[in-house]
Amino acid sequence: MTTVTPTGRGMARILTAATLIPLASMCPLLTDAQRDGRACPWCDVSVTAETGIDLGERTLHRAAAIIHPVACQSCTSREALDAYVTHHRTCVKGTAAGLGDT
Ligand SMILES: [Zn+2]
325 MTTVTPTGRG MARILTAATL IPLASMCPLL TDAQRDGRAC PWCDVSVTAE TGIDLGERTL
385 HRAAAIIHPV ACQSCTSREA LDAYVTHHRT CVKGTAAGLG DT
């Protein structure tokens with residue numbers, strides 16, 4: 325998993341690639357177990373910190389809540405690939421830099 329450690333004053337936050345997988349559209353539908361990291365947010369299988377992939381703490385501004393989902397490895401792989409493909413299709417920076425479709 326890619327780890328990005330921002331540098332500079334006051335930036336102690338560590339991000340992993342899994343924290344970049346979008347969840348916003350499904351947050352209103354998540355159960356308490358899915359919000360608390362006890363069940364995968366996509367397939368609802370039981371997960372733990374040891375068996376699942378930490379998706380990172382996320383703030384739901386509209387609900388004024390913080391969730392910390394943990395997903396199963398299978399769903400994380402599928403959703404990460406989907407996010408990558410979607411980003412590749414829509415990223416303006418990659419196209420402008422010649423990194424888009426050839
Ligand atoms: Zn799953």
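Residues 325 to 426 in my numbering are what the sequence shown lists, from first letter to last. In this text, a Cβ means the ideal position worked out from N, Cα and C, and glycines have one as well.
Within the present structure, is the beta-carbon of residue i separated from the nearest heavy atom of ligand 1 by less than 6 Å?
{"i": "Val369", "result": "yes"}
{"i": "Cys399", "result": "yes"}
{"i": "Cys396", "result": "yes"}
{"i": "Cys351", "result": "no"}
{"i": "Cys415", "result": "no"}
Going by the beta-carbon positions, is the gap between residue i and residue j smaller than 7 Å?
{"i": "Leu384", "j": "Cys351", "result": "yes"}
{"i": "Glu403", "j": "Ile345", "result": "yes"}
{"i": "Ala395", "j": "Pro365", "result": "yes"}
Could you tell me the alpha carbon to alpha carbon distance between residue i and residue j, rounded to whole angstroms?
{"i": "His411", "j": "Val369", "result": "27 Å"}
{"i": "Ser401", "j": "Tyr408", "result": "11 Å"}
{"i": "Val371", "j": "His392", "result": "12 Å"}
{"i": "Asp356", "j": "Ala387", "result": "14 Å"}
{"i": "Thr414", "j": "Glu374", "result": "34 Å"}
{"i": "Leu353", "j": "Cys399", "result": "17 Å"}
{"i": "Gln397", "j": "Asp360", "result": "17 Å"}
{"i": "Gln358", "j": "Thr340", "result": "19 Å"}
Residue ranges of each beta strand (DSSP E) run of no fewer than 3 residues wholly in the region 351 to 396, ordered along the chain? 382 to 384, 389 to 391
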